[in-house]
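S.K.: First the structure, which I've put down as structure tokens, then a few questions once you've had a look.
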Amino acid sequence: MKTYLEACTIPTVAIGKVEIPRLIMGIHPFDGCGYVSPERDREMLDHFSDVQRIVDVLAYMAGQGITIVQTDHMVPHLNRQHLTAVWKASQQAGIQIGTLPFIVVPITLDGQPVDQHRVHANFDKNAFERYGQTYRDYLANDPIVGYLTGGHGIEDDALVNFEEVPPYTPEEIGRMKIDYASFERYIGFFDGFDLLIADPGAEIDLLAPAGRFDLIEEYITFLRKHFDAVVTSVHHPGITIPALEEGNVSFDGYITPLNKPGVFMLPTPDSALEAIRNSSRPVIGIKTMAGGRLVAQEAFDYVLNEIGIAACMFGLGTLDEVQYTAAEAKKTLA
């Protein structure tokens, strides 16, 4: 069986100590989330209820030299099915597919998990204080935010208003800790796979703007016991990336939305793009095709060539769909 690097036929990039392909398979729509519509989600869930169809897609992509895939644990029954497919695809293709697991950071306050509605209130407060009505208008018109807040996606509380839900105070954020027993359990979900890069996410957009760099460095140190590289998902790059840069936090890179029309680039597309351009660390783009709203070649050319980020992750689909997407993506790196 070939390693993921031996089978990689596209340009690679170093993320920390790890060399990875510049194109990365995303987990959507295998986890029930596609960012288009509930009808599309149901169609994809039904189609991929046969795990062999996921296997065939992943094996095809690996055979095209795209040999790393995002994995997750937040929707356990679907994520376990996806991991099973990753293992079977590796056997089918004769390639040890590398993984980039997203791992929730289990933050607690006084021994209890933080309340996600209050966390979102902090996101809202931070953004509104900086960008005011421009931020609110952007949220009201963003198609992925509309999808999520319609209850069709994983997060149905993305539009929490800090004037209605109390955000965490600086004093409360200062008392927050990490539940390492849960953290170990989350990592254990991925046992048996080729774990290349850890992607702790979710709470970074709370902790970084609040200056809790001590807590962030603490869990980076913990993750480096298990992984050779640690990046972080950032969903509010216009605020969080500058905070991480100012704090010189030791992540090996950032994973964040980037696409030409500025979809889901928070708190505003201009602020997000400026933060990405000014980052001192490699950036891996997500939402490359704006949640299925862009033509593939245009989408990949923008992020990989025009902006020139290190790599990008993109959602998949049926075998016919990924055959087209993979070909278009590879053209941009030729």
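Residue numbers (my numbering): 46 to 379.
Even for Gly, the Cβ is constructed at its ideal location relative to N, Cα and C.
Just so you know, these numbers come straight off a predicted model, no measurement behind them.
#1: In whole angstroms, give me the CA-to-CA distance for Thr377 and Pro306.
#2: In its own chain, which residues sit with a C-beta less than 8 Å from the C-beta of Pro74, not counting the 5 before and 5 after it?
#3: Output needed for Arg163: all residues of its chain with C-beta closer than 7 Å, excluding positions within five of it in sequence on either side, in chain order.
#4: Which of helix, strand or coil does DSSP assign to Lys270?
#5: Identify every run of the beta strand (DSSP E) within the stretch 322 to 370, keeping only runs that are complete inside it and at least 3 residues long; order them along the chain.
#6: Let's see if you can read the secondary structure: which residues bound the alpha helix (DSSP H) around Pro83?
#7: Is the beta carbon of Thr313 closer than 7 Å to that of Tyr183?
#8: If you measure between the beta carbons of Cys288 and Val328, is that distance less than 7 Å?
#9: Among Ile284, Gly292 and Leu240, which one has its Cα closest to the Cα of Glu64?
#10: Ignoring anything shorter than 3 residues or poking outside the stretch 283 to 326, list the beta strand (DSSP E) runs there in chain order.
#11: Go ahead and pull the three-state DSSP assignment for Ile111.
#12: Starting from Ala59, follow the alpha helix (DSSP H) in both directions and report where the run begins and ends.
#13: Need the endpoints of the alpha helix (DSSP H) that Val63 sits in, please.
#14: Please go through the same chain and pick out, in chain order, the residues whose beta-carbon is closer than 8 Å to the beta-carbon of His118, but skip the five residues on each side of it.
#15: How far does the alpha helix (DSSP H) with Thr129 in it reach, from first residue to last?
#16: In whole angstroms, what separates the C-alpha of Glu263 from that of Asp365?
#17: Helix, strand or coil: which one does DSSP assign to Phe173?
#18: Only counting the same chain, and skipping five residues up and downstream in sequence, which positions put a Cβ closer than 6 Å to that of Leu251?
#19: Could you check the C-alpha separation between Arg269 and Ser325 for me, to the nearest Å?
#20: Any beta-carbon of chain B closer than 7 Å to the one on Ile321?
#21: Rounded to whole angstroms, what is the Cα-Cα separation between Gly336 and Asp187?
#22: Look up Thr377 in the DSSP assignment and say whether it is helix, strand or coil.
#23: What residue from Ala274, Asp315, Val294 and Ser295 has the CA that sits closest to Leu303's CA?
#24: Using a Cβ-Cβ cut-off of 6 Å (strictly less than) and excluding sequence neighbours within five positions of Ile199, which residues of its own chain qualify?
#25: Can you find the residues in the same chain that come closer than 6 Å, C-beta to C-beta, to Ala104, ignoring five residues on each side of it along the sequence?
#26: Helix or strand or just coil, what does DSSP make of Cys53?
#27: Going by C-alpha distance, which of Phe345, Thr301 and Gly353 is nearest Gly330?
#28: What is the rounded straight-line gap between the Cα of Val294 and the Cα of Gln342?
#29: Among the residues of its own chain, which have a CB less than 7 Å from the CB of Gly156, if the five just before and after it don't count?
#30: Let's see if you can read the secondary structure: which residues bound the alpha helix (DSSP H) around Pro215?
#31: Between the Cα of Glu273 and the Cα atoms of Glu291, Ile60, Asp169 and Leu68, which residue gives the shortest distance?
#32: Evaluate His122 with the Cβ neighbour count: other Cβ atoms within 10 Å of its Cβ, from every protein chain shown; 16 or more gives buried, anything less gives exposed.
M.R.: By the coordinates alone:
#1: The sequence position of residue 377 within the sequence shown is 332, counting from 1. The sequence position of residue 306 within the sequence shown is 261, counting from 1. For Thr377 and Pro306, the distance between alpha carbons rounds to 18 Å.
#2: What you label residue 74 is simply residue 29 of the sequence shown in a count that begins at 1. Taking C-beta separations shorter than 8 Å and ignoring five residues to either side along the sequence, the partners of Pro74 in its chain run Arg85, Asp86, Met89, Leu90, Phe93, Gly360, Leu361 and Gly362, following chain order.
#3: Position 118 of the sequence shown holds residue 163. Excluding positions up to five away in sequence, the list reads Val210, Pro211, Pro212 and Tyr213.
#4: Taking the first residue of the sequence shown as 1, we reach residue 270 at position 225. If DSSP states are grouped into helix, strand and coil, Lys270 belongs with coil.
#5: 328 to 331 and 356 to 359
#6: For this step, residue 83 is matched to residue 38 along the sequence shown. Per DSSP, Pro83 belongs to the alpha helix (DSSP H) from Pro83 to His92.
#7: Your numbering for residue 183 matches position 138 in the sequence shown. Your numbering for residue 313 matches position 268 in the sequence shown. Result yes, Cβ atoms of Tyr183 and Thr313 sit closer than 7 Å.
#8: Walking along the sequence shown from the start, residue 288 turns up at place 243. Walking along the sequence shown from the start, residue 328 turns up at place 283. Checking the sequence shown, residue 288 turns out to be Ala, not Cys. No, these two residues do not count as a Cβ contact at 7 Å.
#9: Looking up residue 64 in the sequence shown gives position 19. Ranking the options by Cα distance to Glu64, first place goes to Leu240.
#10: 299 to 302
#11: Taking the sequence shown and counting its residues from 1, the one referred to as residue 111 is at position 66. Looking at Ile111 - three-state DSSP - the assignment turns out to be coil, as it is neither helix nor strand.
#12: The count along the sequence shown starts at 1 and reaches residue 59 at position 14. Taken as a continuous stretch (DSSP letters only), Ala59 belongs to no alpha helix (DSSP H), being part of the beta strand (DSSP E) at Thr57 to Ile60.
#13: For the purposes of this step, residue 63 is taken as residue 18 along the sequence shown, with counting starting at 1. Where Val63 is concerned, there is no enclosing alpha helix (DSSP H), although the beta strand (DSSP E) it sits in stretches over Val63 to Pro66.
#14: Residue 118 sits at position 73 when you count from the first residue of the sequence shown. Once the five neighbours on either side are set aside, the close Cβ partners of His118 are Asn124, Pro146, Phe147, Ile148, Val149, Tyr231, Phe234 and Phe235.
#15: Here residue 129 refers to the residue found at position 84 when the sequence shown is read from its first residue. Start and end: Pro121 to Ala138.
#16: Locating residue 263 in the sequence shown gives position 218, where the first residue counts as 1. Locating residue 365 in the sequence shown gives position 320, where the first residue counts as 1. Going by the C-alpha atoms only, they are around 44 Å apart.
#17: The sequence position of residue 173 within the sequence shown is 128, counting from 1. Of the three classes helix, strand and coil, the one that applies to Phe173 here is helix, per DSSP.
#18: Here residue 251 corresponds to residue number 206 of the sequence shown, with the count starting at 1. Closer than 6 Å at Cβ, skipping near neighbours: Val164 and Asn167.
#19: In the sequence shown, the residue the question calls residue 269 occupies position 224. In the sequence shown, the residue the question calls residue 325 occupies position 280. Roughly 20 Å between the two C-alpha positions.
#20: No chain B appears in this structure, which consists of one protein chain only.
#21: In the sequence shown, residue 336 corresponds to position 291, counting from 1. In the sequence shown, residue 187 corresponds to position 142, counting from 1. Annotation: Gly336 to Asp187 spans about 11 Å, alpha carbon to alpha carbon.
#22: As a working note, residue 377 is residue 332 in the sequence shown. Thr377 falls in the helix class under three-state DSSP.
#23: As a first step, residue 303 is located in the sequence shown; it is residue number 258 there, counting from the start. When each option's Cα is compared against that of Leu303, the closest is Asp315.
#24: Counting from one through the sequence shown, the residue named residue 199 turns up at place 154. With a pLDDT of 44 at Ile199, under the threshold of 50, the modelled position of this residue cannot be trusted, and the question is left open.
#25: One-based indexing of the sequence shown puts residue 104 at position 59. Ala134, Gln137 and Ala138.
#26: In the sequence shown, the residue the question calls residue 53 occupies position 8. Cys53 falls in the coil class under three-state DSSP.
#27: On the sequence shown, residue 330 is found 285 positions in, with the first residue counted as 1. Gly330 has its Cα closest to that of Thr301, out of Phe345, Thr301 and Gly353.
#28: As a working note, residue 294 is residue 249 in the sequence shown. As a working note, residue 342 is residue 297 in the sequence shown. Going by C-alpha positions, Val294 is about 34 Å away from Gln342.
#29: As a first step, residue 156 is located in the sequence shown; it is residue number 111 there, counting from the start. The beta carbon of Gly156 sits closer than 7 Å to none of the beta carbons in its chain outside the five residues before and after it.
#30: Counted from its first residue, the sequence shown places residue 215 at position 170. Counting along the chain, Pro215 sits inside the alpha helix (DSSP H) bounded by residues Pro215 to Gly219.
#31: Walking along the sequence shown from the start, residue 273 turns up at place 228. This sequence places Asp at residue 273; Glu is not what is there. Answer by Cα proximity: Ile60.
#32: The residue you call residue 122 lines up with position 77 of the sequence shown. It counts as exposed.
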